[in-house]
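For the sequence shown, my numbering gives the first residue as 210, with consecutive numbering after it.
Ideal placement from N, C-alpha and C gives every residue a C-beta, glycine not left out.
Notes to accompany the following structure.
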Amino acid sequence: MVQAARPVAGASPKSPAVPSAPQLAQSVQPAAVAQPPVAPIPREKTSRLVARALGLSPQALEEAFRPATPADLPGVLALRHRVLGEALSWDDARYVRWRYLPEAGGRGLATCWVCVRGEEVLGMIGTEALQVSAGEARREVHAAMDLMVRPDLADSGLGVWINQTVCARLGCVLAIGSNPNSRSVLARTFETLPDRRSYTHPLHFAHFMAKRLSPRPLAWLASRAADLLMVGLRGWRLWTPGAGLSMAQLTHMDDAVAADIEALLRSAQRPDRVEVARDVATLAHRLLANPRTRCEVWLVRHGARPVGMVATRRVPIEEGRHAVQVLDAVLDATRGPAAQRAVLRTLLAGVCARAYRGGADYLSWTLYDPALEAELQPLMFRLQPHPFETLSWVCPDADFRAAVLSRPGWSLSEIHTDRDSA
Numbered sequence: 210m211v212q213a214a215r216p217v218a219g220a221s222p223k224s225p226a227v228p229s230a231p232q233l234a235q236s237v238q239p240a241a242v243a244q245p246p247v248a249p250i251p252r253e254k255t256s257r258l259v260a261r262a263l264g265l266s267p268q269a270l271e272e273a274f275r276p277a278t279p280a281d282l283p284g285v286l287a288l289r290h291r292v293l294g295e296a297l298s299w300d301d302a303r304y305v306r307w308r309y310l311p312e313a314g315g316r317g318l319a320t321c322w323v324c325v326r327g328e329e330v331l332g333m334i335g336t337e338a339l340q341v342s343a344g345e346a347r348r349e350v351h352a353a354m355d356l357m358v359r360p361d362l363a364d365s366g367l368g369v370w371i372n373q374t375v376c377a378r379l380g381c382v383l384a385i386g387s388n389p390n391s392r393s394v395l396a397r398t399f400e401t402l403p404d405r406r407s408y409t410h411p412l413h414f415a416h417f418m419a420k421r422l423s424p425r426p427l428a429w430l431a432s433r434a435a436d437l438l439m440v441g442l443r444g445w446r447l448w449t450p451g452a453g454l455s456m457a458q459l460t461h462m463d464d465a466v467a468a469d470i471e472a473l474l475r476s477a478q479r480p481d482r483v484e485v486a487r488d489v490a491t492l493a494h495r496l497l498a499n500p501r502t503r504c505e506v507w508l509v510r511h512g513a514r515p516v517g518m519v520a521t522r523r524v525p526i527e528e529g530r531h532a533v534q535v536l537d538a539v540l541d542a543t544r545g546p547a548a549q550r551a552v553l554r555t556l557l558a559g560v561c562a563r564a565y566r567g568g569a570d571y572l573s574w575t576l577y578d579p580a581l582e583a584e585l586q587p588l589m590f591r592l593q594p595h596p597f598e599t600l601s602w603v604c605p606d607a608d609f610r611a612a613v614l615s616r617p618g619w620s621l622s623e624i625h626t627d628r629d630s631a
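So this is what it looks like as structure tokens:
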């Protein structure tokens, strides 16, 4: 999620590959019409206003915005500390190197852009290059994240200008997610796409019952009864007899596992939705080397053949409780609808059982894929309205834009955002 002194703009809190919409869903929502930006602010005007506020010329402001280098790490860390304050509870130097500024020979995920004045970093934004396809149309799309500006410059327009400048330099830019302060900025810079949708599946009812029943022993008995009833219902709904499927956790990706996952990723492509490419090296870095959150990755096989994969993480919620979140899921789309449904249910059965044993209140999954969403609803996943799971973009390529807008779903997932906290 893009953040700022007051967070300014967004990308970031999953989407798997499943059978085509006609196969799995009797009724799939049509592709939604994108909404153009609301009264976009001309970049030239923003440049003049921001340059004046910073005591620079528009040309000097343009030159001050560039990709960060390892020498900028202290300034980037200082800005992030100033913006995030007490919310910064992790080793941020390690995290920034992991995502943006790896040491020599290391691997990163994204580019960190900085706006500097002298030696000071005034603002930053991250962009991750994604390979996106819609049928035969393919191009690079840059996911924007981590927009931050110095707190005393929050009203200078610098955040808006950084957004505009990234779009001008990179062309096709995608913003995943928003917050109360960034929605108006996004509306004036980006074209609005259909929102992603969040679903939850209940696991434990103690908190729910404690808020509604008293005395405490009655609430405890009711929650235990509800827990056991849900376990039974979940087992019934997710039972896949005779499917011949096995599920195992991945803790590393050696050459053999990497080859299996590459094959699975190729078989997961669906022409009925917008596909965001995945590769083994990036998945391994994103899921197994993340310094801020511990992810679990599970692989389902039919015999020796990999047919599904899911990644999850533990997410803290209020009062010391926690949930489990689906970060990514990939299903072999070359198999028939019944076989794909069995793989999905096997993945969910394993993830739910582990989350239940770990004491999670619920399992959550955020996505924009009507065909897959239609499969979740009969499995007791409840749509949970969330105003900030937005999706918006700038795309100057008219043909690619038309191909994307004609498809009612994306394979975007939480791994394509900057939501890394555990």
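Checklist entry - Just the Cα atoms here: how many angstroms apart are Gly151 and Gly529? => result Only positions 210 to 631 of the chain appear in this structure, which leaves residue 151 out of reach.
Next on the checklist: Below 8 Å on the Cβ atoms is my contact criterion, and I expect Arg308 with Ala296 to pass it. Report the Cβ-Cβ distance as a whole number of Å.
Outcome noted: The count along the sequence shown starts at 1 and reaches residue 308 at position 99. The count along the sequence shown starts at 1 and reaches residue 296 at position 87. Arg308 to Ala296, Cβ: 17 Å. No contact.
Next on the checklist: Can you give me the C-alpha to C-alpha distance between Ala384 and Gly567, rounded to a whole angstrom?
Outcome noted: Start at 1 with the first residue of the sequence shown, and residue 384 comes out as number 175. Start at 1 with the first residue of the sequence shown, and residue 567 comes out as number 358. The straight-line gap from Cα to Cα measures roughly 33 Å.
Next on the checklist: Taking 8 Å as the threshold (C-beta atoms), are Glu484 and Ser620 in contact?
Outcome noted: Reading the sequence shown from its first residue, position 411 is the one you call residue 620. Reading the sequence shown from its first residue, position 275 is the one you call residue 484. In this structure, Glu484 lies closer than 8 Å to Ser620 by Cβ.
Item to check | Where the beta strand (DSSP E) containing Pro403 begins and where it ends | outcome: In the sequence shown, residue 403 corresponds to position 194, counting from 1. Pro403 -> no beta strand (DSSP E), and no H or E assigned at all.
Checklist entry - Relative to the C-alpha of Leu641, which residue among Arg522, Leu553 and Gly618 is closest? => result Within the shown structure, residues of the chain are numbered from 210 to 631, placing residue 641 beyond reach of any answer.
Item to check | Euclidean distance between Cα positions of Ala234 and Leu258 | outcome: Position 25 of the sequence shown, counting from 1, holds the residue named residue 234. Position 49 of the sequence shown, counting from 1, holds the residue named residue 258. In this predicted model, Ala234 has a pLDDT of only 33, less than 50, meaning its place in the structure is not dependable enough to derive any value.
Next on the checklist: If contact is defined by three or more beta carbon pairs under 8 Å, each pair taking one atom from either stretch, is the stretch 536-552 in contact with the stretch 473-490?
Outcome noted: These segments touch.
Item to check | Residues that DSSP places opposite Ala520 in a beta bridge | outcome: By 1-based counting over the sequence shown, the position of residue 520 is 311. Answer is Val506 and Asp537, bridged to Ala520.
Item to check | Cβ pair count under 8 Å reaching 3, the stretch 347-356 against the stretch 322-337 | outcome: Short answer: they touch.
Checklist entry - What number of angstroms, rounded off, separates the C-alpha of Leu430 from the C-alpha of Ser407? => result Residue numbering aside, residue 430 sits at position 221 when the sequence shown is read from its first letter. Residue numbering aside, residue 407 sits at position 198 when the sequence shown is read from its first letter. Taking the straight line from one Cα to the other gives about 30 Å.
Checklist entry - Is the stretch 400-417 touching the stretch 562-578, taking contact as three or more C-beta pairs under 8 Å? => result Yes, since at least three Cβ pairs between the stretch 400-417 and the stretch 562-578 fall closer than 8 Å, the two stretches touch.
Checklist entry - Would you call Leu442 buried or exposed, if buried means 16 or more other Cβ atoms sit within 10 Å of its Cβ? => result Position 233 of the sequence shown holds residue 442. Residue environment analysis places Leu442 among the exposed positions, since fewer than 16 neighbouring C-beta atoms fall within 10 angstroms of its C-beta.
Next on the checklist: Please state whether the Cβ-Cβ distance between Asp301 and Leu286 is less than 8 Å.
Outcome noted: Along the sequence shown, read from residue 1 onward, the residue named residue 301 stands at position 92. Along the sequence shown, read from residue 1 onward, the residue named residue 286 stands at position 77. Cβ distance < 8 Å, so Asp301 and Leu286 count as in contact.
Item to check | Assigned exposure category for Asp627 - 16 Cβ within 10 Å defines buried | outcome: Start at 1 with the first residue of the sequence shown, and residue 627 comes out as number 418. It is buried - the Cβ of Asp627 has at least 16 other Cβ atoms within 10 Å.
Checklist entry - Going along the chain, which residues of its own chain have a beta-carbon closer than 6 Å to the beta-carbon of Ser432, five neighbours each way excluded? => result The residue given as residue 432 occupies position 223 in the sequence shown. Beyond the five residues adjoining it in sequence on each side, Ser432 comes within less than 6 Å, by CB distance, of Phe414, Ala415 and Met418 in the same chain, given in chain order.
Checklist entry - Helix, strand or coil for Cys604 per DSSP? => result Here residue 604 corresponds to residue number 395 of the sequence shown, with the count starting at 1. Three-state result, Cys604: coil.
Checklist entry - Taking just the CA atoms, how far does Leu600 sit from Ala612? => result Position 403 of the sequence shown, counting from 1, holds the residue named residue 612. Position 391 of the sequence shown, counting from 1, holds the residue named residue 600. Going from the Cα of Ala612 to the Cα of Leu600 covers about 17 Å.
Checklist entry - From Leu356 to Gly332, what distance separates their C-alpha atoms? => result To locate residue 356, count along the sequence shown from 1; it is residue 147. To locate residue 332, count along the sequence shown from 1; it is residue 123. For Leu356 and Gly332, the distance between alpha carbons rounds to 7 Å.
Checklist entry - Where in the stretch 408-432 do unbroken runs of the alpha helix (DSSP H), each at least 4 residues long, occur, reported from the N-terminal end onward? => result Runs of the alpha helix (DSSP H) inside the stretch 408-432: 415-419.
Next on the checklist: Let me check understanding here. Comparing Cα to Cα, which of Glu400, Ala273, Arg591 and Thr278 lies closest to Leu576?
Outcome noted: The sequence position of residue 576 within the sequence shown is 367, counting from 1. Here the closest residue by C-alpha is Arg591.
Item to check | Residue from Pro525, Ala486 and His511 with nearest C-alpha to Asp537 | outcome: Sequence index remark: in the sequence shown, residue 537 carries index 328 (1-based). Answer by Cα proximity: Ala486.
Checklist entry - Under the rule that 16 or more other beta-carbon atoms within 10 Å means buried, what is Pro605, buried or exposed? => result Counting from one through the sequence shown, the residue named residue 605 turns up at place 396. Burial call: exposed.
Checklist entry - Ends of the alpha helix (DSSP H) at Ile385? => result Taking the sequence shown and counting its residues from 1, one reaches residue 385 at position 176. Looking at the DSSP string, Ile385 is not in any alpha helix (DSSP H); the run it does join, the beta strand (DSSP E), is Val382 to Ile385.
Checklist entry - Quick check: the stretch 387-403 against the stretch 311-328, are there 3 or more CB pairs under 8 Å? => result no
Checklist entry - Can you name, in chain order, every residue of its own chain whose Cβ lies under 7 Å from the Cβ of Ala564, other than the five neighbours on each side? => result The count along the sequence shown starts at 1 and reaches residue 564 at position 355. Around Ala564: Leu412, Val533 and Leu572.
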